Amino acid sequence: MFSRIKEDINSVFDRDPAARTSFEVILNYPGLHAIWIHRLSYRLWCANWKLLARIISTFSRWLTGIEIHPGAKLGRRVFIDHGMGIVIGETAEVGNDVTLYHGVTLGGTSWKAGKRHPTLEDNVVIGAGAQVLGPITIGKGGKVGSNSVVVKDLPANATAVGIPGRIVPDKHSKDENQQREEVAKKYGFDAYAVSHDNPDPVAKAIGRLLDHMHLMDDRVSELCKEINTLGGDICPKNLPELRVGEFVEDEKAAAERRENKVASFDPEI
76 MFSRIKEDIN SVFDRDPAAR TSFEVILNYP GLHAIWIHRL SYRLWCANWK LLARIISTFS
136 RWLTGIEIHP GAKLGRRVFI DHGMGIVIGE TAEVGNDVTL YHGVTLGGTS WKAGKRHPTL
196 EDNVVIGAGA QVLGPITIGK GGKVGSNSVV VKDLPANATA VGIPGRIVPD KHSKDENQQR
256 EEVAKKYGFD AYAVSHDNPD PVAKAIGRLL DHMHLMDDRV SELCKEINTL GGDICPKNLP
316 ELRVGEFVED EKAAAERREN KVASFDPEI
């Protein structure tokens with residue numbers, strides 16, 4: 076028992092730079108308190124002392140603000156950071172070295188008995204306010220962005236963001252990103268200048284549309300060239316400029332503010 080407690084405390088130091096001393100961690104980390112109390116309630120639940128187990132879990136909720144059903148299975152070195160508002164359902168399974176931030180729900184989508192809550196494999200990170208719902212599996216090393224709602228399985232080492240949760244695709248090559256930026260500037264929409272590492276799947280989808288527009292522009296230019304060579308005159312030399320209103324200026328201003336903020340950031344603060 077004491078070795079597991081020591082292991083839990085060490086896991087806090089590994090994942091929270093604000094932790095200073097073991098005594099401070101023991102007294103001031105409700106996530107640890109909730110996990111330790113859950114281990115007692117889980118043993119009682121498995122021993123068929125279900126009412127007493129529920130009473131203890133309710134006391135833990137009152138004490139820590141974290142609700143863990145006594146039937147939920149938690150692995151080793153689970154770290155609950157801040158913890159307020161976390162709900163973990165009865166049939167949820169949490170693997171080793173998992174990190175949960177405040178406001179996370181591992182909930183169900185059905186009133187039927189049986190497996191109805193998520194399974195989190197090892198090294199999963201669930202961001203603040205995220206909702207992982209249903210008997211789905213978050214693969215090893217998976218990440219769920221803050222305030223996302225995930226209702227489908229997430230492969231290992233993948234990241235899901237948004238409502239509903241969508242998998243963030245891999246980064247594209249440097250040449251492809253540069254080509255997209257040139258096309259975006261041409262049409263007055265520069266989504267990638269806002270943040271080169273933007274993981275927003277919607278922005279990625281817009282990027283695919285820009286790729287398609289670039290391809291169609293090349294094809295139309297080739298067709299116009301061939302038709303004009305044959306004596307036709309169907310394509311104007313200068314196409315009208317496409318404008319999208321004040322959105323472009325707003326995006327440029329936001330990008331400049333981000334760049335200035337990053338440039339003035341002091342890591343020692």
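Residues in the sequence shown are numbered consecutively from 76, following the working numbering.
Ideal placement from N, C-alpha and C gives every residue a C-beta, glycine not left out.
All values reported here derive from a predicted model rather than from experimental measurement.
Alpha carbon to alpha carbon, what distance is there between Glu297 and Gly307? 13 angstroms
If Thr194 sits next to Thr212, beta carbons under 8 angstroms apart, how far is it from one beta carbon to the other, in whole angstroms? 5 angstroms
Helix, strand or coil, according to DSSP, for Leu229 in the structure here? strand
Exposed or buried, which one is Arg241 when buried takes at least 16 other CB atoms within 10 Å? buried
C-beta contact flag for Val153 and Ile110 at 9 angstroms: yes
Pull the bridge partners of Glu82 from the DSSP assignment, please. According to DSSP, which records beta bridges pairwise, Glu82 is partnered with nothing at all.
How would you call Asp272, buried or exposed, if buried means at least 16 neighbouring beta carbons within 10 angstroms? Caution applies to Asp272, whose pLDDT of 48 falls short of 50 and renders its modelled position unreliable; the model cannot decide the point.
Please decide whether Asn85 counts as near chain B, where near means a Cβ-Cβ distance under 9 angstroms. Given the protein chain composition of this structure (a single chain), no chain B is represented.
Excluding the 5 residues flanking Glu168 on each side, which residues of the same chain have their C-beta closer than 6 angstroms to its C-beta? Lys148 and Thr194
For Asp197 and Asp172, believed in contact at Cβ under 8 angstroms, the rounded distance: 6 angstroms
Buried or exposed: where does Ile238 fall if 16 or more other Cβ atoms within 10 Å of its Cβ makes it buried? exposed
With C-beta atoms as the reference, is Val219 less than 9 angstroms away from Leu208? no
Using a Cβ-Cβ cut-off of 6 angstroms (strictly less than) and excluding sequence neighbours within five positions of Val162, which residues of its own chain qualify? Glu142 and Thr180
Is the beta carbon of Gly106 less than 9 angstroms from the beta carbon of Thr139? yes
Counting along the chain, where does the beta strand (DSSP E) carrying Leu175 start and finish? Thr174 to Tyr176
Quick one: Cα of Val100 to Cα of Ala328, how far? 42 angstroms
Which of the three DSSP states is assigned to Lys148 in this structure? strand
Which first and last residues belong to the beta strand (DSSP E) in which Thr139 is found? It is not in any beta strand (DSSP E) - Thr139 instead sits in the alpha helix (DSSP H) that spans Lys125 to Thr139.
Proximity winner among Ile112, Ser223 and Lys215, relative to Pro230 (alpha-carbon distances): Lys215
In the DSSP assignment, find the unbroken beta strand (DSSP E) run with Leu181 in it and report its ends. Thr180 to Gly182
With burial defined as no fewer than 16 other Cβ atoms inside 10 Å of the residue's Cβ, what is the status of Ala93: buried or exposed? exposed
Would DSSP call Ala93 helix, strand or coil? coil
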